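Take a look at the structure below.
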Amino acid sequence: MKKYIQILVLLLLVNHTVFAQATISEGQKAPQNKLKDEDFIDEFGQLNNIAYRIKKEKKATVAFLGGSITNMKGWRDKVYTYLKELYPETDFTFINAGIPSLGSVPHVFRLKNDVLDKGRIDLLFIESAVNDHVNGTSEEQQRKALEGIVRHAYQANSTMNMIMMAFADEDKLADYKANKIPIEVKVHQDIAKQYQIPFINLAEAVSKRIDAGEFTWSGDFKNLHPSPFGQEIYFSEIKTLIRKSIKDNSATQLTAFKLPTALQKFAYTKGDYVGVEKAIVKNGFVLDPSWKPQDKVNTRPGFVNVPVLSGTTAGAELSFSFKGNAVGIAALAGPDAGIISYTIDGKNPKTIDLFTQWSKGLHLPWYLVLGDELSTGEHILTIKISANHNDKSLGNACRIVHFLVNKDQ
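Here it is as structure tokens:
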């Protein structure tokens, strides 16, 4: 009898071990010491004002400025639900200003139109680290753009709180593996520190958790557009910050933020759209008041059935007068995107190819700063379509949906 009991206990132990191993996903190590969410949050500043708005005034507007990872179903929806569950008596307004493919340069020029013009913003989530890398945005432009976003937002509402985040991609994981801080992460971190904004380093969180054996990239997180599992990782970090800096916050008044000296003298602090109807057409460009593609190729939300200044033939030319120290265009770079030549004030002619690696299957909103660090005052941008085009392009098209100007202060 005693021997029978010993055998039974042994069988139960074996079955328990097999079951426990089966609960770990294929290719995933069993976590030893699970890392803490707090390890990846830099509290450079507090969220006192949004806590006050939510708890005392019981009315708050929360905006989310980012790319496809912000726009897609996942962490953002979870934040909506979490805040409403925590504070059922508060009247929340949520603004989704996430647009796929767009990084810091598009964000800084669309901030006023897509976010600030919607009313008083009390909490602004900001992310651009993945798209800035994918789009090949230079570090200098990232710094000018991100700092411009923050300064513009504070100038619009000095009691606004912000949360800055850097999401993960495979190149960032490789950087961390090589003991390097990804450029985009460092830029976000530097701006957040200067302006006392809480920063969540989700790229590092994912990297370190993978190294610790908590999950795998390919098996669990899947890719830079996270699986539901990955979305929960992101939300957990954000929820930890909300719980600590809002839920446990006992702020009794609003405090206005005093802007420090800018890190970048030519930050795009007054970035804005200017309508394409302001251009003077010399020849070949036509204003379509409600553009949509004739080739049935995909578009991005907000960039179809809108006014577009279109030129499709070589030699088409326009000019655009503006007051500011930076200028550019938001072009729709589709399968027939061409090459343009341009000058500012008739000097230093340059060319740029509008065709991108994504243009074959998408009329991509492609934001290009054509000149910056200009003197204050009036300037003239001249654009002409070249006779040449990319070998992969089907034509010479230049379709402008917005002019971009960093306006004089």
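In mature numbering (1 follows the signal peptide of the UniProt record, and there is no 0), the protein residues as written are -20 to -1, 1 to 389. From the three backbone atoms N, C-alpha and C, an ideal C-beta is built for every residue, glycine too. Please read these numbers as outputs of a predicted model, since none were measured by experiment.
Worksheet item: Just to confirm, are Val385 and Val307 a CB contact at a threshold of 8 Å?
Response: Taking the sequence shown and counting its residues from 1, one reaches residue 385 at position 405. Taking the sequence shown and counting its residues from 1, one reaches residue 307 at position 327. Going by C-beta atoms, Val385 is nearer than 8 Å to Val307.
Worksheet item: Could you give the distance in angstroms between the alpha-carbon of Ser290 and the alpha-carbon of Gly351?
Response: Position 310 of the sequence shown, counting from 1, holds the residue named residue 290. Position 371 of the sequence shown, counting from 1, holds the residue named residue 351. When rounded, the distance between both Cα atoms is 21 Å.
Discussion item. Tell me the rounded alpha-carbon separation between Thr117 and Gln169.
Written reply: The residue given as residue 117 occupies position 137 in the sequence shown. The residue given as residue 169 occupies position 189 in the sequence shown. C-alpha separation (whole angstroms): 17 Å.
Worksheet entry | Sequence ranges, beta strand (DSSP E) only - wholly within the stretch 261 to 319, length at least 3 | 265 to 271, 286 to 291 and 297 to 313
Practice prompt. For Gly99, count neighbouring C-beta atoms within 10 Å of its own C-beta (all shown protein chains included) and say buried if the count is 16 or more, exposed if not.
Written response: Along the sequence shown, one-based indexing puts residue 99 at 119. It counts as exposed.
Fill in: Nearest residue (CA-CA) to Asp268, options Tyr214, Ile163, His382 and Val110
Mapped onto the sequence shown, residue 268 falls at position 288. Comparing Cα positions, the closest option is His382.
Practice prompt. Write down every uninterrupted run of the alpha helix (DSSP H) in the stretch 155 to 206 whose length is 4 residues or greater and which is fully enclosed by it, in chain order.
Written response: 163 to 174 and 182 to 191
Fill in: Enclosing beta strand (DSSP E) for His105 [first to last residue]
Translated into positions along the sequence shown, residue 105 becomes position 125. Checking the displayed sequence, the identity of residue 105 turns out to be Phe instead of His. Its beta strand (DSSP E) spans residues Leu103 to Glu107.
Worksheet item: Starting from Tyr134 and walking both ways along the alpha helix (DSSP H), at which residues does that stretch end?
Response: Here residue 134 refers to the residue found at position 154 of the sequence shown. Here the alpha helix (DSSP H) through Tyr134 covers Glu119 to Ala136.
Worksheet entry | Boundaries (first-last residue) of the alpha helix (DSSP H) holding Pro80 | By one-based count along the sequence shown, residue 80 stands at place 100. Unbroken run through Pro80: none, as it is neither H nor E.
Fill in: Any 3 or more C-beta pairs closer than 8 Å across the stretch 92 to 110 and the stretch 132 to 144
At 8 Å Cβ cutoff, the stretches touch.
Item to complete: May I have the straight-line CA-CA distance separating Asp97 from Ala183, to the nearest angstrom?
Response: For the purposes of this step, residue 97 is identified with residue 117 of the sequence shown, where counting begins at 1. For the purposes of this step, residue 183 is identified with residue 203 of the sequence shown, where counting begins at 1. Going by the C-alpha atoms only, they are around 31 Å apart.
Fill in: Helix, strand or coil at Pro240 according to DSSP, with G and I counted as helix
Taking the sequence shown and counting its residues from 1, the one referred to as residue 240 is at position 260. Coil at Pro240, not helix or strand.
Worksheet entry | Close beta carbons around Ile363, own chain, < 6 Å, minus the five adjacent residues each side | The sequence position of residue 363 within the sequence shown is 383, counting from 1. Excluding residues within five positions, the ones whose Cβ falls inside 6 Å are Leu298, Ile320 and Tyr322.
Worksheet item: Given that a residue counts as buried once 16 or more other Cβ atoms are within 10 Å of its Cβ, and exposed if not, what is Asp112?
Response: The residue labelled residue 112 in the question sits at position 132 within the sequence shown. Classification of Asp112: buried, given that the 10 Å Cβ count is 16 or more.
Worksheet item: Terminal residues of the continuous alpha helix (DSSP H) containing Lys58?
Response: Your numbering for residue 58 matches position 78 in the sequence shown. Here the alpha helix (DSSP H) through Lys58 covers Trp55 to Leu66.
Practice prompt. Write down the C-beta distance between Thr50 and Glu119 rounded to the nearest angstrom, noting that I regard them as a contact closer than 8 Å.
Written response: For the purposes of this step, residue 50 is taken as the residue at position 70 of the sequence shown. For the purposes of this step, residue 119 is taken as the residue at position 139 of the sequence shown. Not really, about 22 Å apart at Cβ, beyond 8 Å.
Worksheet item: Out of curiosity, what's the CA-to-CA distance linking Gly199 and Glu69?
Response: By 1-based counting over the sequence shown, the position of residue 199 is 219. By 1-based counting over the sequence shown, the position of residue 69 is 89. Near 40 Å, if we compare the C-alpha coordinates of Glu69 and Gly199.
Discussion item. Which residues does DSSP list as the beta-bridge partners of His343?
Written reply: The count along the sequence shown starts at 1 and reaches residue 343 at position 363. Looking at the DSSP assignment, His343 forms no beta bridge with any residue, so it has no partner.
Worksheet entry | Where Leu348 falls: helix, strand or coil (DSSP) | Residue mapping note: residue 348 aligns to position 368 of the sequence shown, counting from 1. It is a strand residue.
Fill in: Stretch-stretch touch, CB-based, cutoff 8 Å, three pairs: the stretch 207 to 220 with the stretch 26 to 43
No: fewer than three Cβ pairs fall under 8 Å.
Discussion item. Looking only at its chain, what residues have a beta carbon closer than 7 Å to the beta carbon of Gln174, apart from the 5 residues adjacent to it on each side?
Written reply: The count along the sequence shown starts at 1 and reaches residue 174 at position 194. Around Gln174: Pro240 and Leu243.
Discussion item. My parser needs the alpha helix (DSSP H) runs of 4 or more residues fully inside the stretch 16 to 57; what are they?
Written reply: 28 to 32 and 48 to 51
Worksheet entry | Rounded Cβ spacing between Ala231 and Tyr32 (contact assumed at less than 8 Å) | Stepping through the sequence shown from its first residue, residue 231 is reached at position 251. Stepping through the sequence shown from its first residue, residue 32 is reached at position 52. Contact flag correct, Cβ pair sits at about 4 Å.
Practice prompt. Please determine, among Leu354, His205 and Gly341, the residue with the shortest C-alpha to C-alpha distance to Asn328.
Written response: Within the sequence shown, the letter at position 348 stands for residue 328. Cα-wise, what sits closest to Asn328 is Leu354.
Worksheet item: Three-state secondary structure (DSSP) at Leu234?
Response: To locate residue 234, count along the sequence shown from 1; it is residue 254. Of the three classes helix, strand and coil, the one that applies to Leu234 here is coil, per DSSP.
Worksheet item: Got a sec? Which residues, its chain only, sit under 6 Å from Lys250 by beta carbon, not counting five neighbours each side?
Response: The count along the sequence shown starts at 1 and reaches residue 250 at position 270. If we look at Lys250 and ignore the five residues flanking it on each side, its Cβ neighbours are Asn386 and Lys387.
Fill in: Residue of Phe20, Tyr347, Arg56 and Leu66 minimising C-alpha distance to Gly78
Start at 1 with the first residue of the sequence shown, and residue 78 comes out as number 98. Out of Phe20, Tyr347, Arg56 and Leu66, Arg56 has the C-alpha closest to the C-alpha of Gly78.
Practice prompt. Under the assumption that Val220 contacts Ile21 (Cβ atoms under 8 Å), give the Cβ distance between them as a whole number of angstroms.
Written response: Here the question's residue 220 lines up with position 240 in the sequence shown. Here the question's residue 21 lines up with position 41 in the sequence shown. Per the sequence shown, the amino acid found at residue 220 is Thr instead of Val. Confirmed, about 7 Å.
Worksheet entry | Rounded distance between the beta-carbons of Gly318 and Ser366, thought under 8 Å | Translated into positions along the sequence shown, residue 366 becomes position 386. Translated into positions along the sequence shown, residue 318 becomes position 338. Under the criterion of beta carbons closer than 8 Å, Ser366 and Gly318 qualify as touching, at roughly 7 Å.
Worksheet entry | Distance, Ile324 Cα to Ala259 Cα | Counting from one through the sequence shown, the residue named residue 259 turns up at place 279. Counting from one through the sequence shown, the residue named residue 324 turns up at place 344. Roughly 14 Å separates the two Cα atoms.
Practice prompt. Starting from the C-beta of Glu358, find all residues in its chain whose C-beta is less than 8 Å away, skip the five residues before and the five after it, and write them out in chain order.
Written response: On the sequence shown, residue 358 is found 378 positions in, with the first residue counted as 1. Excluding positions up to five away in sequence, the list reads Ser301, Phe302 and Lys303.
Worksheet item: With burial defined as no fewer than 16 other Cβ atoms inside 10 Å of the residue's Cβ, what is the status of Asn28: buried or exposed?
Response: Indexing the sequence shown from 1 puts residue 28 at position 48. Buried is the call here.
Worksheet item: Three or more beta-carbon pairs under 8 Å between the stretch 142 to 155 and the stretch 180 to 194, yes or no?
Response: yes
Worksheet item: Where does Leu322 sit, in a helix, a strand or coil, going by DSSP?
Response: By 1-based counting over the sequence shown, the position of residue 322 is 342. Residue identity differs from the one stated: residue 322 is Tyr in this sequence, not Leu. Reduced to three states, the DSSP call for Tyr322 is strand.
Worksheet item: In whole angstroms, what is the alpha-carbon distance linking Gln12 and Pro315?
Response: Counting from one through the sequence shown, the residue named residue 12 turns up at place 32. Counting from one through the sequence shown, the residue named residue 315 turns up at place 335. Residue confidence is low: Gln12 scores 44 on pLDDT, short of 50, so the model does not pin down where it sits. No coordinate-derived value is stated.
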